[in-house]
Each structure stands twice: as C-alpha cells, then as structure tokens.
Amino acid sequence: MAEKYGEVPKRFTKKWWDYFWYYYKWHTIITAIAVIVAAVTIVQCATREKYDMTVVYAGHMSYSDTEKEKLQDILAQYVTDIDGNGKQSVFFQTMMFMDGSGSEEYDYAIQTKLDLSFTDDYTYIYLMDDVEAALYIQRESVGDSFENTENYAANTDAEILRAADGEGYAVSLKDSAVLRENNIYCDDLYLMIRKNYSDNEKDMQSYADALKIAGILTQ
Numbered sequence: 010m011a012e013k014y015g016e017v018p019k020r021f022t023k024k025w026w027d028y029f030w031y032y033y034k035w036h037t038i039i040t041a042i043a044v045i046v047a048a049v050t051i052v053q054c055a056t057r058e059k060y061d062m063t064v065v066y067a068g069h070m071s072y073s074d075t076e077k078e079k080l081q082d083i084l085a086q087y088v089t090d091i092d093g094n095g096k097q098s099v100f101f102q103t104m105m106f107m108d109g110s111g112s113e114e115y116d117y118a119i120q121t122k123l124d125l126s127f128t129d130d131y132t133y134i135y136l137m138d139d140v141e142a143a144l145y146i147q148r149e150s151v152g153d154s155f156e157n158t159e160n161y162a163a164n165t166d167a168e169i170l171r172a173a174d175g176e177g178y179a180v181s182l183k184d185s186a187v188l189r190e191n192n193i194y195c196d197d198l199y200l201m202i203r204k205n206y207s208d209n210e211k212d213m214q215s216y217a218d219a220l221k222i223a224g225i226l227t228q
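Quick note, the working numbering runs 9 ahead of the 1-based positions in the sequence shown.
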C-alpha cells in the first residue's frame with residue numbers, strides 16, 4: 010500500500026473519493042475482477058447441462074460431431090436417470106493431445122484436465138488410444154485408479170494391456186460390434202474403468218451403469 014500523507018478528507022466528499030482512488034485504486038480493481046470471475050463461475054456451474062454419465066476420450070483422434078452424438082445416444086440407453094430430470098443422457102468428452110513442437114503447454118493443460126476428471130461425478134468409463142492407454146498402464150498407481158477390465162469385458166479374446174503387476178487394466182475395442190456397426194472409430198481404442206470409492210447411492214448406481222456399458226462396448 011502506498012504511504013499516505015496529510016489529513017484524510019471527510020468521507021464521501023469529492024476530495025475523499027480522489028484520495029480513495031489514489032491510494033486504493035488497484036485494491037478496488039482487483040477485488041472487482043475477483044467478484045466478476047466468481048459470479049461468472051457460479052452462473053456457469055448453475056446453468057451448464059447436467060448428464061447422467063460422462064464418458065471420457067483421451068488420445069489423438071479427432072471425433073466428428075456425428076460420431077460423438079451417435080455414441081452418446083447409444084450409451085444413453087444403458088444409464089439410469091441419475092439427476093432425476095426425466096431423461097437419460099451421456100456426455101462424450103474428448104481430450105485430444107497434439108504432441109507436436111510448440112504444443113507442450115496445451116498438452117500439459119489437457120493432461121491436467123484429464124487427471125482432474127478422475128474426481129468428477131459419474132465419470133467411470135475412459136476410452137484411450139494406444140498411446141495414452143500405454144502411458145497410464147505404466148503408472149505405479151494404475152491399480153489404485155482403475156479396475157481390472159478382464160473382469161468386465163464380454164469378449165474374452167480381446168487384446169489386454171497389462172501393467173507391471175500382471176493385471177489387465179485396458180481392453181482393446183478394435184472389434185467392438187456396437188462401435189463398428191455405427192462407424193465410430195475404434196481401431197486403436199482401449200477401454201479403462203475408473204474405480205469407485207464412494208458409497209453415495211448415485212455414485213454406486215452410475216458405477217454399476219458404467220460396468221454394464223463396459224460389457225456392451227466389449228462385445
């Protein structure tokens with residue numbers, strides 16, 4: 010704060026406002042910006058569309074709007090109306106990496122967003138390309154975050170990516186009937202299932218829906 014000299018003018022007079030603005034201008038501006046940002050964030054959270062499940066894609070494939078809409082419509086048939094709004098809805102959230110020169114900051118932001126999604130509500134199904142799936146399989150904590158997909162895959166002949174502990178945490182979807190029949194790219198796609206540690210009834214129901222969907226996608 011700037012050092013003040015002289016007598017402080019009487020409050021709310023013209024001289025006082027000049028005095029206030031001189032000494033507290035930046036405090037006022039910063040406070041105002043913080044209030045605006047907080048207000049915008051609250052409005053966005055309150056007005057954004059709610060979904061009964063979020064399916065996350067992480068990789069280098071750019072899915073078309075048609076593919077996204079098809080997958081959302083297909084999977085919505087197998088989820089519970091968690092939010093009680095009278096409709097079943099799924100959001101297919103894509104997180105695409107660039108891995109090119111100059112894209113380091115962008116990729117870091119995407120990676121951070123992906124890791125943070127592990128705390129999101131009703132988010133248990135992760136679809137990753139071969140590059141991202143291999144990276145996650147190598148993490149020492151993979152067994153703390155993901156289920157052994159062999160326990161839930163319908164196709165027992167599907168390729169499985171195994172971690173150092175011998176467990177298979179990613180199952181290939183290249184032969185997925187539902188994806189191929191609907192022309193949704195799946196050649197290098199793998200499915201991973203995030204574990205649920207919550208005993209909340211809605212979380213448990215969403216997790217059960219996710220296991221059902223894992224079976225559908227791996228047929």
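Backbone N, C-alpha and C fix where the C-beta goes; we use that ideal spot for every residue, glycine too.
| Roughly how many angstroms lie between the CA atoms of Met107 and Asp116, to the nearest whole one? | The count along the sequence shown starts at 1 and reaches residue 107 at position 98. The count along the sequence shown starts at 1 and reaches residue 116 at position 107. Rounded to whole angstroms, Met107 to Asp116 spans 6 angstroms at the Cα level.
| said: Here's the rule I'm using: 16 or more other beta-carbon atoms within 10 Å means buried, otherwise exposed. How should Val64 be labelled? | reply: Position 55 of the sequence shown holds residue 64. Burial call: buried.
| Secondary structure of Tyr32, DSSP reduced to three states | Residue 32 sits at position 23 when you count from the first residue of the sequence shown. In the displayed model, Tyr32 falls within a helix according to three-state DSSP.
| With 16 other Cβ atoms within 10 Å as the buried cut-off, status of Ala179 | Translated into the one-based positions of the sequence shown, residue 179 becomes position 170. Ala179 should be labelled buried.
| field | Cβ contact (3+ pairs, closer than 8 angstroms) linking the region 150-164 and the region 196-211 | value | In this structure the region 150-164 lies against the region 196-211, because at least three pairs of beta carbons, one per stretch, are closer than 8 angstroms.
| query | Mapping DSSP to helix, strand and coil, what is Gly68? | reply | For this step, residue 68 is matched to residue 59 along the sequence shown. Strand at Gly68.
| task | Output the boundary residues of the alpha helix (DSSP H) element that contains Gly224. | result | In the sequence shown, residue 224 corresponds to position 215, counting from 1. Segment 210-226, the alpha helix (DSSP H) holding Gly224.
| message | Taking DSSP's pairing of strands, which residues face Asp138 in a bridge? | response | Within the sequence shown, residue 138 is the residue found at index 129, counting from 1. Looking at the DSSP assignment, Asp138 forms a beta bridge with Leu198.
| task | Confirm, please, whether the CB-CB distance from Tyr66 to Val99 is below 8 angstroms. | result | Residue 99 sits at position 90 when you count from the first residue of the sequence shown. Residue 66 sits at position 57 when you count from the first residue of the sequence shown. Contact: no.
| field | CB-CB length for Gln214 against Thr89, believed under 8 angstroms | value | The count along the sequence shown starts at 1 and reaches residue 214 at position 205. The count along the sequence shown starts at 1 and reaches residue 89 at position 80. The Cβ separation is near 5 angstroms, so the contact holds.
| task | Can you say whether Asp138 is buried or exposed, counting buried as having 16 or more other CB atoms within 10 angstroms of its CB? | result | Along the sequence shown, read from residue 1 onward, the residue named residue 138 stands at position 129. Buried: at least 16 other Cβ atoms inside 10 Å.
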